[in-house]
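Trainee: Okay, here's the structure, questions in a sec.
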């Protein structure tokens, strides 16, 4: 009674996955077997967005420098190599001690993993401009559970560090050490963590789902599906999902045991279904219950004109045999009773139901008819689907267009936003050099920007089909019909999932979303506290301005790590600045980040400060009214197009900057009447952007 798999994207296992003997793990863990020779270990810090290949050369010495809020995970990375073979390498990361010795972040909050490698034998289509390396090659990705490692001579090995900052950690600078050692020698790096003076909330404000296969988990870990050992391992997957901010659980309706009784009526046993939901609820994943598809594409598939209800597998009470109840008969009865059960359990408000995966323009009419039938059977159950066309009004409550479709068909989608919730999804599409995705051969900056898109575009959720849809060898070559890495972001370990550097960076992106949300929330709270004089403030204006610095357009996300991280630090600084005197709230018209054209350039600046504070805008003193409001016009200055606003009161000073893109004047020959000479000279052009090739993250 398995659910039909979503179309076009996945393949079933054809034989067992032998985790302990996979080729990728053997390559990662086994040395040449020769006697170790003492040599100097070279060790250096590496930005966690950099994929460190085995032939990477040593970088500059320094320290691992991290910054995080309380209640946040933060990733770091370093690499090491030696001219001689290293046998039995071990890593230690010390507890972190605050500068004044008053506080510690203990070892239980500091984890490390050797980074493993997987073979890719093909590249993502049309990705030449962004791919980190051409296939065939070994790409770093899984975080291994091995505690010691043999490293061949002249081979670089990366190590991943994850720090979980406690909620009660006092803000300040913490120091520790990362050490690599063998019996013969050792090397170490200083580790520095700056803990900022704010706390990420426990609540998640972005819906995230990665679909997963319970059959794949059972097969990879060689346990019987639904056995007690399986439930134990499934709980570890749930905990890993929660730790990576997933809060929506993909829930197969096939777990409901259906019986056709002697009188012909159907009865439903929810014991397995309930245990499953409770397990994920306890882990913190079941903020939404995402019930799997009840229909699928008919003849012709994606381009066919039919959506067909799935049969319902059941046990016949009289004969004891398994039977298939036709979908038109079985699905309405099952869903009607499921809605009743969800209501009794208190789960109905957070439940969603898939109709059919990726309906297209060819079968949307059939989809609408099936959706209407489902809605009549369970009218209070929200419907959600990944969609490949537009006309779902009245047939769908949660719309999940593919990211590239949302971008291309924006006007049509925006017209349908009222009364609907919008997410986005990615899978094997979009690919190429413009849209971000999470493929193995793509830069990790593409992963880092994923949830900035959610915030900037007001998309309430994110969906991906592949948490663990492994091929026969999870550590080996990928499905040739899909871009490498599309199928999974976790790997099977001995007793649960192994994370990947892609999944770690995606968690960072989800935390970035929470930074932006927190900035808007704190601004809204301050606006309410200040009353009428602050009613002109748009609560999320500043967060949206900063978000657009990283994703000015969906197809043009920032690719330079330093720029992304500079904006992230600025968001943190502005969150903390809201709690420091003097008060300074500023908005401009047009919004910061806009392109402005000389004519002349005039930007309106409106602000609110503490009564009596002195205000300057680009160095010019501005009068304030009694309650602290001020307003003026100003022109952006310098190559960065800046307007600098300062407020000072009783020796405390606060500064905020708004930047604009300045359109340069046309060349003299294009004007037709010679150079422009009217008025004062135009401001210098905005600092030029790097070309796509020049701006890519450096991957070692």
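Residue numbers (our numbering): 2 to 701.
Don't be surprised by glycine CBs; every beta carbon is placed ideally from N, CA and C.
As the structure is a prediction and not an experimental result, all values here were calculated from the model.
(1) Evaluate residue 411 with the Cβ neighbour count: other Cβ atoms within 10 Å of its Cβ, from every protein chain shown; 16 or more gives buried, anything less gives exposed.
(2) Just grab the DSSP bridge partners of residue 182 for me.
(3) Between the Cα of residue 176 and those of 196, 169, 158 and 188, spot the shortest distance and give me the residue it belongs to.
(4) Please report the straight-line C-alpha distance between residue 249 and residue 286, rounded to a whole angstrom.
(5) Would residue 371 and residue 335 be called neighbours here (beta carbons separated by less than 9 Å)?
(6) In angstroms, rounded to a whole number, what distance separates the CA positions of residue 460 and residue 662?
(7) Can we say the stretch 120-139 touches the stretch 75-83, given the rule of at least three CB pairs closer than 8 Å?
(8) Can you look up residue 533 in the DSSP assignment and give me helix, strand or coil?
(9) Does DSSP classify residue 782 as helix, strand or coil?
(10) Residue 34: buried (16+ other C-beta within 10 angstroms of its C-beta) or exposed?
(11) Which of helix, strand or coil does DSSP assign to residue 35?
(12) Apart from the five residues just before and just after residue 702, which ones in its own chain have a Cβ nearer than 7 Å to its Cβ?
(13) Would you decide whether residue 651 is buried or exposed? Buried here means 16 or more other CB atoms lie within 10 Å of its CB.
(14) Between 484, 188, 88 and 615, which has its C-alpha nearest residue 41's C-alpha?
(15) Which residue or residues does DSSP assign as beta-bridge partners of residue 516?
(16) Using three-state DSSP, classify residue 197 as helix, strand or coil.
(17) Contact check, residue 355 vs residue 385 under 8 Å by CB: the rounded distance?
(18) With DSSP run on the structure shown, which of helix, strand or coil describes residue 463?
(19) Can you tell me where the beta strand (DSSP E) with residue 367 in it begins and where it stops?
(20) Would you mind working out which of 540, 166 and 554 sits nearest residue 107, comparing C-alpha positions?
(21) Which value, in whole angstroms, describes the spacing of the CA atoms of residue 361 and residue 472?
(22) Using CA coordinates, which residue listed in 129, 57 and 51 is at the minimum distance from residue 43?
(23) Going straight from the alpha carbon of residue 545 to that of residue 517, what length do you get?
(24) Quick one: what's got a C-beta closer than 7 Å to residue 528's C-beta in the same chain, skipping five residues either side?
(25) Report the residue from 482, 484, 483 and 504 whose alpha carbon sits nearest the alpha carbon of residue 492.
(26) Among the residues of its own chain, which have a CB less than 7 Å from the CB of residue 549, if the five just before and after it don't count?
(27) What is the rounded straight-line gap between the Cα of residue 84 and the Cα of residue 155?
(28) Our contact map puts residue 365 next to residue 332 with C-beta atoms below 8 Å; I'd like the distance itself, whole angstroms only.
(29) So does the stretch 607-618 actually touch the stretch 634-648, counting three or more Cβ pairs closer than 8 Å?
(30) On a CA-only basis, which of 128, 212, 161 and 92 is nearest residue 74? Give me that one, please.
(31) Who pairs with residue 165 in a beta bridge, going by DSSP?
Mentor: Let me spell this out:
(1) As a position in the chain shown, residue 411 is number 410, starting the count at 1. By the 16-neighbour rule on beta-carbons within 10 angstroms, residue 411 is exposed.
(2) What you label residue 182 is simply residue 181 of the chain shown in a count that begins at 1. According to DSSP, which records beta bridges pairwise, residue 182 is partnered with 91 and 187.
(3) Taking the first residue of the chain shown as 1, we reach residue 176 at position 175. Taking only the C-alpha atoms, the option nearest residue 176 is 196.
(4) Counting from 1 along the chain shown, the entry for residue 249 is found at position 248. Counting from 1 along the chain shown, the entry for residue 286 is found at position 285. Answer to the nearest angstrom: the Cα atoms are 6 Å apart.
(5) As a working mapping, residue 371 is identified with position 370 in the chain shown. As a working mapping, residue 335 is identified with position 334 in the chain shown. Taking 9 Å as the Cβ cut-off, residue 371 and residue 335 do not qualify as a contacting pair.
(6) On the chain shown, residue 460 is found 459 positions in, with the first residue counted as 1. On the chain shown, residue 662 is found 661 positions in, with the first residue counted as 1. Their backbone Cα atoms lie some 26 Å apart in a straight line.
(7) no
(8) Within the chain shown, numbered from 1, the residue matching residue 533 stands at position 532. Helix, per DSSP.
(9) Since the first residue shown for the chain is 2 and the last is 701, residue 782 is missing from the structure and cannot be characterised.
(10) Locating residue 34 in the chain shown gives position 33, where the first residue counts as 1. Note that residue 34 has pLDDT 34, beneath the 50 cutoff, so the model's placement of it is unreliable and no number is given.
(11) Start at 1 with the first residue of the chain shown, and residue 35 comes out as number 34. With a pLDDT of 33 at residue 35, under the threshold of 50, the modelled position of this residue cannot be trusted; read the value that follows with caution. Note: residue 35 maps to coil in three-state DSSP.
(12) There is simply no residue 702 to check, as the chain begins at 2 and stops at 701 in what is shown.
(13) Taking the chain shown and counting its residues from 1, one reaches residue 651 at position 650. With fewer than 16 other Cβ atoms within 10 Å, it is exposed.
(14) As a first step, residue 41 must be located in the chain shown, where it is residue number 40. Of 484, 188, 88 and 615, the residue nearest in Cα terms is 188.
(15) Reading the chain shown from its first residue, position 515 is the one you call residue 516. Partner(s): none; residue 516 has no beta bridge.
(16) Walking along the chain shown from the start, residue 197 turns up at place 196. Strand at residue 197.
(17) As a working note, residue 355 is residue 354 in the chain shown. As a working note, residue 385 is residue 384 in the chain shown. About 6 Å separates the two Cβ atoms, so the contact holds.
(18) Start at 1 with the first residue of the chain shown, and residue 463 comes out as number 462. Three-state result, residue 463: strand.
(19) Position 366 of the chain shown, counted from the first residue, corresponds to residue 367. Per DSSP, residue 367 belongs to no beta strand (DSSP E); it is in the alpha helix (DSSP H), 365-378.
(20) The count along the chain shown starts at 1 and reaches residue 107 at position 106. It is 166 whose Cα lies nearest to the Cα of residue 107.
(21) Here residue 361 corresponds to residue number 360 of the chain shown, with the count starting at 1. Here residue 472 corresponds to residue number 471 of the chain shown, with the count starting at 1. C-alpha of residue 361 to C-alpha of residue 472: approximately 27 Å in a straight line.
(22) Looking up residue 43 in the chain shown gives position 42. That would be 57, whose Cα lies nearest to the Cα of residue 43.
(23) Against the chain shown, residue 545 aligns to sequence position 544. Against the chain shown, residue 517 aligns to sequence position 516. Distance between the alpha carbons of residue 545 and residue 517 is about 8 Å.
(24) Your numbering for residue 528 matches position 527 in the chain shown. Correct list, in chain order: 535, 538 and 540.
(25) As a position in the chain shown, residue 492 is number 491, starting the count at 1. Nearest C-alpha to residue 492: 504.
(26) Working through the chain shown from its first residue, we reach residue 549 at position 548. Around residue 549: 457 and 594.
(27) Sequence index remark: in the chain shown, residue 84 carries index 83 (1-based). Sequence index remark: in the chain shown, residue 155 carries index 154 (1-based). So the two alpha carbons sit approximately 5 Å from each other.
(28) In the chain shown, residue 365 corresponds to position 364, counting from 1. In the chain shown, residue 332 corresponds to position 331, counting from 1. 19 Å between Cβ atoms; not a contact.
(29) yes
(30) As a working note, residue 74 is residue 73 in the chain shown. Closest option to residue 74, Cα to Cα, is 161.
(31) Position 164 of the chain shown, counted from the start, is the residue given in the question as residue 165. Partner(s): 74.
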